[in-house]
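In my numbering, the protein residues as written are -11 to 307. Single-structure report; data block below.
Okay, here's the thing in structure tokens:
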């Protein structure tokens, strides 16, 4: 309970710091959403000042920040400059698909990396180990945007097997065909995120497993005649879970951040594409809303990772 309260306090403090830094950085950035209007001869300066007053941009910066922070406590992210809609509604419309892609990708990264890393360590210096090593290096060094464009050219344009963009090719009638079509559109994005995430994790798990295999308790387990399956289940995996879960928690920002690139390439109507479009139009309320949601999900992921570690190891100490 003490660890949970400490983590919750840490999450609140970090969210405040992140919101303050993000707010200052956005407001100090050159140009603004109203810059194009100031250059338009058909829009009077009075009209622009009236618009700024509507959005509260005519007040001092510190008052704007605390007004926004007060609204944030009520889950009110403000009104979008571009669409005029509530930012909360726009994010709620987009966040399910982004979370779906990232949660599935995280699960696949964990399972694939754990399996290949352990197998490579158990069969050290074999052909499988060398193959896994080359696969990891390729994954680690391949830019996700380049891989996305390459796979689109091969599977979507040349062979015409997979859809080139979007999420649906059939109307939403709630049938099995609709959901299969939805899953078909997610194959390339999920594969790219998964492939980009397994590289370093496989090498890390392989290295940890090799060190575990050198331990005295593994030697005594083998001397007792225990099977490889038993040793793997009761001796290797329990020692792998804590560092692997910690590393997955730390990799959350990169995975969520990668959604901006992939959702833009594949025209997926999620938070990543919304963030990209808002950045181009200087739609500051939407940008701030997405930044805070992304920071919250990242901090929440790290918090859950620590709580899972506590469950796996009651003696776990965050120090």
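Here a beta-carbon is modelled for each residue, glycine too, at the ideal position from N, C-alpha and C.
Check: Of the listed residues 50, 69, 75 and 71, nearest to residue 62 (C-alpha basis); Outcome: 75
Check: Residues near residue 133 in its chain [Cβ-Cβ closer than 7 Å; skip 5 each side]; Outcome: 249 and 253
Check: Beta-carbon proximity check, residue 176 vs residue 207, cutoff 8 Å; Outcome: no
Check: Candidates 246, 155, 123 and 271, of which the one nearest residue 93 by Cα; Outcome: 246
Check: Range of the contiguous alpha helix (DSSP H) that encloses residue 77; Outcome: 75 to 110
Check: Residue 306 versus residue -9 - alpha carbon distance; Outcome: Here the model assigns residue 306 a pLDDT of 48, short of 50, so the residue's position is not dependable and the matter cannot be decided.
Check: DSSP three-state assignment for residue 152, whether helix, strand or coil; Outcome: coil
Check: Local conformation of residue 256 per DSSP, three classes; Outcome: coil
Check: Helix, strand or coil at residue -7 according to DSSP, with G and I counted as helix; Outcome: helix
Check: Rounded separation between residue 128 and residue 136 - CA only; Outcome: 15 Å
Check: Contact set for residue 258: own chain, Cβ-Cβ below 6 Å, skip 5 residues either direction; Outcome: 82, 85, 86 and 251
Check: Reference residue 154; option with closest CA among 272, 255, 267 and 41; Outcome: 255
Check: Start-to-end residues for the alpha helix (DSSP H) that takes in residue 60; Outcome: 49 to 61
Check: Start-to-end residues for the alpha helix (DSSP H) that takes in residue 194; Outcome: 164 to 201
Check: Residues bridged to residue 67 (per DSSP); Outcome: 74
Check: Distance, residue 233 Cα to residue 270 Cα; Outcome: 37 Å
Check: Per-residue DSSP class, three states only, for residue 2; Outcome: helix
Check: The region 106 to 121 contacting the region 272 to 289, beta-carbon criterion three pairs below 8 Å; Outcome: no
Check: beta-carbon residue 68 near the ligand COA non-hydrogen atom, thresh 7 Å; Outcome: Here there are no bound small molecules, and the ligand COA is not part of this structure.
Check: Delimiting residues of the alpha helix (DSSP H) encompassing residue 120; Outcome: 115 to 129
Check: DSSP three-state assignment for residue 306, whether helix, strand or coil; Outcome: Residue confidence is low: residue 306 scores 48 on pLDDT, short of 50, so the model does not pin down where it sits. Its coordinate-derived value is still stated next. In this structure, residue 306 counts as coil in the three-state DSSP scheme.
Check: contact_flag[the region 93 to 102, the region 180 to 191] where n(CB pairs < 8 Å) is 3 or more; Outcome: yes
Check: Through-space distance from residue 197 to residue 110, alpha-carbon basis; Outcome: 8 Å
Check: Residue 162 burial status per 10 Å Cβ neighbour count (16 or more: buried); Outcome: exposed
Check: Proximity of residue 105 and residue 194 at Cβ, strictly below 8 Å; Outcome: yes
Check: Residue 226 classed as buried or exposed, judged by whether at least 16 other C-beta atoms fall within 10 angstroms; Outcome: exposed
Check: 8 Å Cβ cutoff met for residue 278 and residue 261; Outcome: no
Check: Cutoff 7 Å; reference residue 64; Cβ partners in own chain excluding five residues on either side; Outcome: 76
Check: Continuous alpha helix (DSSP H) stretch holding residue 144: start and end; Outcome: No alpha helix (DSSP H) contains residue 144, which DSSP labels as neither H nor E.
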